[in-house]
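So the structure is just underneath, and the comments pick up after that.
Number of protein chains: 2
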Amino acid sequence: MSTGLELDTRSKLLKAAVTVFGKVGYAGASVRQIADLAGVNHGSIRYHYASKRDLWCACITYLSELMDAAVHQDEAQWASMTPRERIINVTGHYIRFNAKNPELHRMVTFETIHESERFDWLNENYIRPFSGRALASVALAQEQGVYPDSIPALNLHYINIAATTSIFMMASEVQKNFGVDVFAEIEVERHINAVLTWLLGAPQVQEKYDFISMLGPKPSE
Amino acid sequence: MSTGLELDTRSKLLKAAVTVFGKVGYAGASVRQIADLAGVNHGSIRYHYASKRDLWCACITYLSELMDAAVHQDEAQWASMTPRERIINVTGHYIRFNAKNPELHRMVTFETIHESERFDWLNENYIRPFSGRALASVALAQEQGVYPDSIPALNLHYINIAATTSIFMMASEVQKNFGVDVFAEIEVERHINAVLTWLLGAPQVQEKYDFISMLGPKPSE
DNA sequence: TCCCTATTTATCCATATGTATCAATTTTGA
DNA sequence: TCAAAATTGATACATATGGATAAATAGGGA
Chain L
1343 MSTGLELDTR SKLLKAAVTV FGKVGYAGAS VRQIADLAGV NHGSIRYHYA SKRDLWCACI
1403 TYLSELMDAA VHQDEAQWAS MTPRERIINV TGHYIRFNAK NPELHRMVTF ETIHESERFD
1463 WLNENYIRPF SGRALASVAL AQEQGVYPDS IPALNLHYIN IAATTSIFMM ASEVQKNFGV
1523 DVFAEIEVER HINAVLTWLL GAPQVQEKYD FISMLGPKPS E
Chain W
1343 MSTGLELDTR SKLLKAAVTV FGKVGYAGAS VRQIADLAGV NHGSIRYHYA SKRDLWCACI
1403 TYLSELMDAA VHQDEAQWAS MTPRERIINV TGHYIRFNAK NPELHRMVTF ETIHESERFD
1463 WLNENYIRPF SGRALASVAL AQEQGVYPDS IPALNLHYIN IAATTSIFMM ASEVQKNFGV
1523 DVFAEIEVER HINAVLTWLL GAPQVQEKYD FISMLGPKPS E
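As they're listed, the protein sequences go chains L and W.
Just so you know, we're using the working numbering here: the first sequence kicks off at 1343 and counts up by one.
Just so you know, we're using the working numbering here: the second sequence kicks off at 1343 and counts up by one.
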């Protein structure tokens, strides 16, 4: 058994699978391609994971846990925050997670479009709980006057998810057509500011970069 | 040669290919699957289209022309519209097109994530011109005071595209988890209203459904 | 040292796929 | 009507794939 510090075969496979599945989807990926990227013999996949499908599920589980940890990292402070501050906190961490791990949303998007039988597993275990909580959170924010209530919660929720994730899904297009690396830290923070400015109707100052000068004055509230 | 009215083999193949490529992507689709759906022998694909790739390109060209026609259908009246009215007009038609033909954005999304060599063809011929025009239009609308200028144009553009299209990409999830058919006409109009309300800061009345009652009063402007 | 288990490697196999070929059939034009 | 062209259908083939099998190797405790 390894010391647990270096990447063992199983971890290398998982890491490579996340990369490949996140780039070309389930159908486009081959277990040999994943094994090659991991630098292991493709027969080993069968040993560590029951099947290609099983490896794919492991990727989803791994990434979902990462996301959960990222979004909840300041949970202890939530109680002392205003609803508005809580939304700024969660939205920021969610966008940063997607910038660092765009594969999760890409994999989910592939399967949601595909409507495969994998989608049912994904939906029951991850998407539905996530969407349910997020939609409830949107509705609550509307009640609290933090989000605009002129838009139906369902539409606002999907616009919200799309707004936070799509620029990272479209990263290669943004890079090729506009020369912008959306994964660069300053661009990530800029996007957080953009989404929050839109959502909350006023520019939000983040810690690392002060976009307020280019965003105009903060309105009275 | 056919009269052009009934669906000949070539048209049936194109229609089936749009459906299949739009659902499972390029890698997930097989030419036999497409031929089966079209009800033709799979050998015929080779006669009408040089290759699977060629058929895929034909789908993009076909859908892009449809989109162009849909978005520009009221072009003659643009000159007599205010910038704000023009945006309402174009956004409405763009969203209705995506509701009726979600395959285009799905196919584009597949390839943009995949970053395949097909993406380069797609980008040069369709995405880049489209994004260029759209981004310029966003910047202009900001100058004209129609769009908020507190958000960088690039971010606003990608948020905008995502907001208009994603609910249709996620249609199966919305249906399964919330029982809403986003392709139903009233839902499409509701989404147009939601996006425009967000974009323009005020509810927009569409012809067919009056959402204004649930959206609150129109602000002075 | 030796044995038992865990892990890796090297092949093998049935299937699905994209494409090519060519015969069969239908359509067209004089 | 009939021959040429267009179109469709049936089949073949090389390759890639997911999965299976078993031999080879490594590691760890007695």
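Heads up, the beta-carbon is just placed ideally off N, CA and C, and yes, glycines get one too.
Computed from a predicted model, the values in this text were never measured in an experiment.
State buried or exposed for residue i, treating a residue as buried only when at least 16 other CB atoms are found within 10 Å of its CB.
i                       : result
residue 1403 of chain L : exposed
residue 1540 of chain W : buried
residue 1599 of chain W : Chain W is shown only over 1343 to 1563; residue 1599 of chain W falls outside these bounds and no answer can be derived.
residue 1345 of chain W : Only weak support exists for where residue 1345 of chain W lies, its pLDDT of 37 falling under 50; the value from the coordinates is given anyway. Residue 1345 of chain W comes out exposed.
residue 1391 of chain W : buried
residue 1485 of chain W : exposed
residue 1473 of chain L : buried
residue 1446 of chain L : buried
residue 1508 of chain W : buried
residue 1388 of chain L : exposed
residue 1414 of chain L : exposed
residue 1534 of chain L : buried
residue 1395 of chain W : exposed
residue 1448 of chain L : buried
residue 1471 of chain L : exposed
residue 1506 of chain W : buried
residue 1475 of chain L : exposed
residue 1421 of chain W : exposed
residue 1536 of chain L : buried
residue 1528 of chain L : exposed
residue 1418 of chain L : exposed
residue 1496 of chain W : buried
residue 1349 of chain L : exposed
Taking Cβ positions only, does residue i come closer than 8 Å to chain L?
i                       : result
residue 1357 of chain W : no
residue 1367 of chain W : yes
residue 1540 of chain W : yes
residue 1370 of chain W : yes
residue 1394 of chain W : no
residue 1362 of chain W : no
residue 1515 of chain W : yes
residue 1492 of chain W : yes
residue 1563 of chain W : Here the model assigns residue 1563 of chain W a pLDDT of 37, short of 50, so the residue's position is not dependable and the matter cannot be decided.
residue 1337 of chain W : The structure shown has nothing for residue 1337 of chain W, since chain W only spans 1343 to 1563.
residue 1526 of chain W : no
residue 1508 of chain W : yes
residue 1530 of chain W : no
Below 8 Å on the Cβ atoms is my contact criterion, and I expect residue i with residue j to pass it. Report the Cβ-Cβ distance as a whole number of Å.
i                       : j                       : result
residue 1437 of chain W : residue 1483 of chain W : Not a contact, Cβ separation roughly 16 Å.
residue 1371 of chain W : residue 1366 of chain L : Not confirmed; about 13 Å, so no contact.
residue 1441 of chain L : residue 1530 of chain L : 4 Å
residue 1379 of chain W : residue 1361 of chain W : 6 Å
residue 1354 of chain L : residue 1382 of chain L : 6 Å
residue 1401 of chain W : residue 1359 of chain W : 5 Å
residue 1538 of chain L : residue 1433 of chain L : 6 Å
residue 1454 of chain W : residue 1512 of chain L : 6 Å
residue 1426 of chain W : residue 1488 of chain W : 5 Å
Any heavy atom of the ligand PLP inside 7 Å of the beta-carbon of residue i?
i                       : result
residue 1400 of chain W : The ligand PLP is not part of the structure shown, which contains no ligands of any sort.
Among the options, whose alpha-carbon lies nearest the alpha-carbon of residue i?
i                       : options                        : result
residue 1518 of chain L : W/1488, W/1463, W/1489         : W/1463
residue 1477 of chain L : L/1458, L/1501, L/1457         : L/1501
residue 1466 of chain L : W/1426, W/1475, W/1379, W/1515 : W/1515
residue 1409 of chain W : W/1469, W/1384, W/1422         : W/1469
residue 1569 of chain W : W/1353, W/1481, W/1358, W/1364 : Absent from the structure is residue 1569 of chain W, since the part of chain W shown begins at 1343 and ends at 1563.
residue 1492 of chain W : L/1526, L/1491, L/1456, L/1532 : L/1532
residue 1397 of chain L : L/1376, L/1416, L/1407         : L/1376
residue 1435 of chain L : L/1426, L/1411, L/1419         : L/1411
residue 1407 of chain L : L/1443, L/1426, L/1418         : L/1443
residue 1525 of chain L : L/1431, L/1439, L/1419, L/1418 : L/1439
residue 1456 of chain L : W/1459, W/1456, W/1452, W/1426 : W/1452
With 8 Å set as the bound, which would you pick, yes or no: does the beta-carbon of residue i sit closer than that to a beta-carbon of chain W?
i                       : result
residue 1345 of chain L : Residue placement at residue 1345 of chain L is flagged as unreliable, the pLDDT there being 38, under the threshold of 50; the coordinate-derived value follows with that caveat. Chain W, which has no Cβ nearer than 8 Å to the Cβ of residue 1345 of chain L, makes this no.
residue 1500 of chain L : yes
residue 1497 of chain L : yes
residue 1455 of chain L : yes
residue 1512 of chain L : yes
residue 1505 of chain L : yes
residue 1520 of chain L : yes
residue 1479 of chain L : no
residue 1533 of chain L : yes
residue 1591 of chain L : What the structure shows of chain L is the stretch from 1343 to 1563, and residue 1591 of chain L is not part of that stretch, so it cannot be assessed.
residue 1467 of chain L : no
Q: Mind listing, in chain order, the continuous alpha helix (DSSP H) runs of no fewer than 4 residues lying wholly within the segment 1391 to 1416 of chain L?
A: Runs found: 1394 to 1413.
Q: Report the residue ranges of all alpha helix (DSSP H) runs contained in full by the segment 1457 to 1538 of chain W; include only those spanning at least 4 residues, in chain order.
A: Counting only runs that start and end inside the segment 1457 to 1538 of chain W, the alpha helix (DSSP H) elements of at least 4 residues fall at 1459 to 1464, 1470 to 1485, 1495 to 1511, 1513 to 1520.
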